[in-house]
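So the protein lines, in turn, are chains A and B. The first sequence: position 168 = 168 (my numbering), numbered continuously. Every number in my numbering is 191 more than the matching position in the second sequence, counting from 1. I have placed the structure first, in the form of C-alpha cells, so that the comments after it can refer back to it.
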Amino acid sequence: MEVRSSMSRFGATSLLPSAIVFSIVQEMGPTITGLVVSGRVGAGIGAELASMKVTEQIDAMEASAVNPFRLLAATRILACILMLPLLTLGADACGIFMGWIAQTLVEPISLHQFIESGFRGATLSSFLPPTFKTSVFGLIIGLIACFQGMRTRGGAEGVGRAATNSVVLASLFVILADVVLVKLILVIFPS
Amino acid sequence: MATTSDVATSPAGPETAGLPCAVAVDNLHKTFANRKVLDGVTLAVNRGETLAVLGRSGTGKSVLLRVIIGLVQPDVGSVSILGREIAGLNLDKLGDVRKKMGFLFQHAALYDSLTVGENVAFPLVHHRAHMSKAERDDRVIQLLAEVGLENALNKMPSNISGGMQKRVGLARALALDPEILLLDEPTAGLDPISSGEIDELVLKLQSEHQMASIVVTHDLHSAKTIATRLALLDRGQVVIEGTFEELEQSEIALVKQFLMQS
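Here it is, written out as C-alpha cells:
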C-alpha cells in the first residue's frame with residue numbers, strides 16, 4: 001500500500017502486481033521464511049538437543065554405540081535443507097495472495113488479472129534460484145541449532161541459552177548468507 | 192587386602208584363568224579445569240566379579256566409569272576392555288567395544304520421546320538388524336520381565352517413578368547381553384525398599400549372566416550386598432581395595448571413618 005502511493009506519482013501503478021510478485025518471490029519470501037524458521041525451528045532444535053544433552057540422553061546414545069550426530073543432527077539438518085524451499089513456496093503464495101487483497105482494497109482487480117500481470121515477463125530463473133537459496137538457509141539453521149544444542153552445559157540455564165543462541169546466530173547468518181547468495185545469483189543468472 | 196600398589200593383579204577364578212581381565216584400568220589421570228579428578232587410578236575386574244567403587248561425592252567415581260566407557264578421554268593412562276586397549280580407537284571400533292558393555296546412568300537417561308518399550312528396544316533396533324520385529328518385541332518383553340516392568344511397555348518415562356526408570360535403564364543396558372555392566376549410583380535417590388529391590392535385581396542378573404560389573408556408589412549397605420570386592424576412592428586415588436571384611440580390618444583412618452559414617 002505504501003509502494004502504491006510512491007508508484008502512483010510516476011504513473012506506474014500498472015507495474016504494482018509485478019513489483020509485489022517479484023519482491024516477494026525473489027527476496028521477501030525466502031528471507032522472511034528463513035528468519036521465521038530460524039526462530040521457530042532453530043529454537044526448537046536447539047532446546048530439544050540441549051535438553052537431551054543435559055539429561056545425558058546423548059551420552060546414553062553414545063554408550064549404546066549409536067552415533068548421536070548421525071541420528072540426531074544429520075536428520076534434522078537434512079530436514080531443514082529439504083523443507084525450507086517448500087515452506088518458501090507456501091510463503092510466496094500467501095504473500096502474493098495478501099498482496100492481491102491489499103491491491104484490491106484500493107483498486108479492485110481480479111485475482112486472475114493480478115497474477116497474469118504479476119508474472120508477466122517472468123522466467124524460471126526469476127524464481128528457482130531465490131527459492132532454492134533457502135536450502136542454504138536450512139543448512140545454516142540446522143547446523144547452528146544442532147551445534148548449540150549438542151554442546152550445551154549447565155542444566156536449565158544452558159538449555160535456555162542454547163535456544164536463544166540458536167535463534168540469534170541462525171538469524172544473523174541467514175541474513176549474511178542472503179547477501180552473499182543474492183550476489184552469486186546475480187552473477188550466475190544476470191537479468 | 193590390596194592397597195594401591197598391587198590392585199591390578201586380582202586372582203582369577205577357574206572359568207577366567209588365562210583370560211584377560213574384563214576391565215583393566217592402569218594409572219588413570221584426569222583433570223577438569225585445574226581440578227585433578229583421577230590421580231593414578233589402577234583397577235581390574237574379572238568376569239563374574241562385581242567391584243563396588245565407593246567414595247565421597249566428588250572423588251571421581253562417575254568420571255572413572257565415563258572413562259571406562261569412553262565418554263571421557265583420560266589425560267594419562269590406559270583402559271583395556273576384554274583385552275583390547277580403547278585409547279585412540281575411532282568411533283566405529285569404539286562402538287564395537289561398547290556393544291559388549293551396558294551402562295546404567297545415575298538418572299537412567301531414558302529417551303523421553305520414546306516409550307519404555309522403545310527405550311529398551313533402542314540398542315536392538317540399531318545393532319540387531321537381523322531380528323524381526325516380533326523377535327525384538329519378545330526380547331523387550333523378556334528384558335522388562337527380568338526387571339519386573341512388563342506392564343510398563345507403553346508408558347512414557349515421565350509417567351513412571353524414579354525407581355522404575357532405573358529398572359528400565361537396567362533393562363536397556365542388558366539388551367545386547369553385555370559382558371561388562373557399569374552401574375552409576377544405581378540406588379541414588381531411591382527409598383530403602385526400592386534400593387533393596389535394585390540390589391536384589393543386580394545380584395540375580397549377576398548370578399545368571401556372570402558379567403564383570405563395576406558399581407559406583409556411596410551406599411555402603413548396597414555395596415556390601417552386591418559386591419565381591421570394594422575399592423575406596425579419595426581425591427582421585429584408590430585408597431584401598433578388597434573384600435568388605437578386609438576393609439573392616441583396615442587401619443587406614445579414612446577407611447574407618449567411611450565405614451563408621453555410612
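The C-beta atom is built at its ideal place from N, Cα and C for all residues, glycine as well.
Alpha-carbon spacing of residue i relative to residue j, whole angstroms
{"i": "B/P202", "j": "B/V311", "result": "At B/P202, the pLDDT of 41 sits below 50, so the modelled position is not reliable; the number obtained from the coordinates is stated separately. Roughly 35 Å between the two C-alpha positions."}
{"i": "B/T233", "j": "B/T250", "result": "15 Å"}
{"i": "B/I277", "j": "B/P265", "result": "11 Å"}
{"i": "B/S413", "j": "B/T378", "result": "8 Å"}
{"i": "B/E436", "j": "B/K447", "result": "12 Å"}
{"i": "B/E337", "j": "B/I351", "result": "17 Å"}
{"i": "A/R40", "j": "A/A73", "result": "17 Å"}
{"i": "A/S113", "j": "A/F10", "result": "For clarity, residue 113 of chain A is Gln in the given sequence; the question names Ser instead. Their backbone Cα atoms lie some 22 Å apart in a straight line."}
{"i": "A/A177", "j": "A/I185", "result": "12 Å"}
{"i": "A/E107", "j": "A/G90", "result": "25 Å"}
{"i": "A/S140", "j": "A/V174", "result": "Going by the sequence as given, residue 140 of chain A is Ile instead of Ser. One C-alpha to the other measures close to 7 Å."}
{"i": "A/A102", "j": "A/L15", "result": "15 Å"}
{"i": "A/L105", "j": "A/G29", "result": "22 Å"}
{"i": "B/G387", "j": "B/L242", "result": "18 Å"}
{"i": "B/F449", "j": "B/L295", "result": "25 Å"}
{"i": "B/A235", "j": "B/D329", "result": "35 Å"}
{"i": "B/L305", "j": "A/Q57", "result": "11 Å"}
{"i": "B/D230", "j": "B/N237", "result": "23 Å"}
{"i": "A/L87", "j": "A/A79", "result": "12 Å"}
{"i": "B/V307", "j": "B/P314", "result": "13 Å"}
{"i": "A/L84", "j": "B/A362", "result": "40 Å"}
{"i": "B/L256", "j": "A/F132", "result": "47 Å"}
{"i": "B/S196", "j": "B/L438", "result": "With a pLDDT of 39 at B/S196, under the threshold of 50, the predicted position of this residue should be treated as unreliable, though the coordinate-derived value follows. If you take the alpha carbons of B/S196 and B/L438, they lie about 16 Å apart."}
{"i": "A/L49", "j": "A/T55", "result": "10 Å"}
{"i": "A/A192", "j": "A/S125", "result": "Given a span of 1 to 191 for chain A in the structure shown, any question on residue 192 of chain A remains unanswerable."}
{"i": "B/E442", "j": "A/G155", "result": "41 Å"}
{"i": "B/S398", "j": "B/I405", "result": "15 Å"}
{"i": "B/V407", "j": "B/N218", "result": "18 Å"}
{"i": "B/V359", "j": "A/V159", "result": "25 Å"}
{"i": "B/V258", "j": "B/V216", "result": "9 Å"}
{"i": "B/M322", "j": "B/I332", "result": "14 Å"}
{"i": "B/M192", "j": "B/V316", "result": "Residue placement at B/M192 is poorly supported in this model, since its pLDDT is 48, which falls under 50; the coordinates still yield a value, given next. Answer to the nearest angstrom: the Cα atoms are 44 Å apart."}
{"i": "A/G42", "j": "B/V429", "result": "46 Å"}
{"i": "B/T222", "j": "B/V228", "result": "5 Å"}
{"i": "A/E62", "j": "A/G44", "result": "22 Å"}
{"i": "A/G99", "j": "A/A93", "result": "10 Å"}
{"i": "B/P272", "j": "B/G279", "result": "Note that residue 272 of chain B is Ile in the sequence shown, not Pro. When rounded, the distance between both Cα atoms is 13 Å."}
{"i": "B/D263", "j": "B/V254", "result": "Asp is not the amino acid found at residue 263 of chain B; the sequence shown has Val there. Distance between the alpha carbons of B/V263 and B/V254: 7 Å."}
Neighbour list for residue i in chain B, Cβ cutoff strictly below 8 Å
{"i": "A/T55", "result": "H298, A300 and D303"}
Chain B contact residues for residue i, given Cβ-Cβ distances below 7 Å
{"i": "A/V66", "result": "H317"}
{"i": "A/E62", "result": "L262"}
Residue i and residue j closer than 7 Å at C-beta
{"i": "B/P348", "j": "B/D303", "result": "yes"}
{"i": "A/I96", "j": "A/I32", "result": "no"}
{"i": "A/A170", "j": "A/S38", "result": "yes"}
{"i": "B/A390", "j": "B/I371", "result": "Before going further, note that residue 390 of chain B is Asp rather than Ala in the sequence given. No, these two residues do not count as a Cβ contact at 7 Å."}
{"i": "A/S166", "j": "A/G34", "result": "no"}
{"i": "B/H220", "j": "B/V267", "result": "yes"}
{"i": "B/A444", "j": "B/E432", "result": "no"}
{"i": "B/G246", "j": "B/D425", "result": "yes"}
{"i": "B/A364", "j": "B/G261", "result": "no"}
{"i": "B/Q401", "j": "B/G274", "result": "no"}
{"i": "B/A299", "j": "B/K252", "result": "no"}
{"i": "A/R70", "j": "A/C146", "result": "no"}
{"i": "A/G142", "j": "A/V21", "result": "no"}
{"i": "A/P130", "j": "A/F189", "result": "no"}
{"i": "B/A403", "j": "B/A213", "result": "yes"}
{"i": "B/L334", "j": "B/E341", "result": "no"}
{"i": "B/Q297", "j": "B/D375", "result": "yes"}
Neighbour list for residue i in chain B, Cβ cutoff strictly below 9 Å
{"i": "A/E27", "result": "Ordered by position in chain B, no residue passes the 9 Å Cβ test against A/E27, which lies about 37 Å from the chain."}
Where residue i meets chain A, residues with beta-carbon distance less than 7 Å
{"i": "B/F223", "result": "Chain A residues near B/F223: none, gap ~12 Å exceeds 7 Å."}
{"i": "B/P314", "result": "S64"}
**Asked** If contact means a Cβ-Cβ distance below 7 Å, which residues of the segment 149–182 of chain A contact chain B?
**Response** Those residues of the segment 149–182 of chain A that come within reach of chain B (Cβ to Cβ, closer than 7 Å) do not exist; the list is empty.
**Request:** Residues of the segment 74–91 of chain A with a CB closer than 9 Å to any CB of chain B: list them in chain order, please.
**Result:** So the list is empty, because no residue satisfies the distance condition.
**Request:** Please list the residues of the segment 276–297 of chain B that have a C-beta atom closer than 7 Å to any C-beta atom in chain A, keeping them in chain order.
**Result:** If you check each beta-carbon in the segment 276–297 of chain B against every beta-carbon of chain A, the ones closer than 7 Å belong to L282, G286, R289, K290, F294 and F296.
**Interfacial residues, the segment 239–262 of chain B to chain A, with Cβ spacing under 7 Å** = Within the segment 239–262 of chain B, the residues whose Cβ lies closer than 7 Å to any Cβ of chain A are, in chain order, I260 and L262.
**Item:** Entirely enclosed beta strand (DSSP E) segments - the segment 23–111 of chain A, minimum 3 residues
**Value:** The segment 23–111 of chain A contains no whole beta strand (DSSP E) run of 3 or more residues.
**Request:** Report the residue ranges of all beta strand (DSSP E) runs contained in full by the segment 335–392 of chain B; include only those spanning at least 3 residues, in chain order.
**Result:** With a minimum length of 3 residues, the continuous beta strand (DSSP E) runs that stay inside the segment 335–392 of chain B are 371–375.
**Length at least 4, wholly inside the segment 276–305 of chain B: the alpha helix (DSSP H) runs in chain order** = Listed in chain order, they are 282–289.
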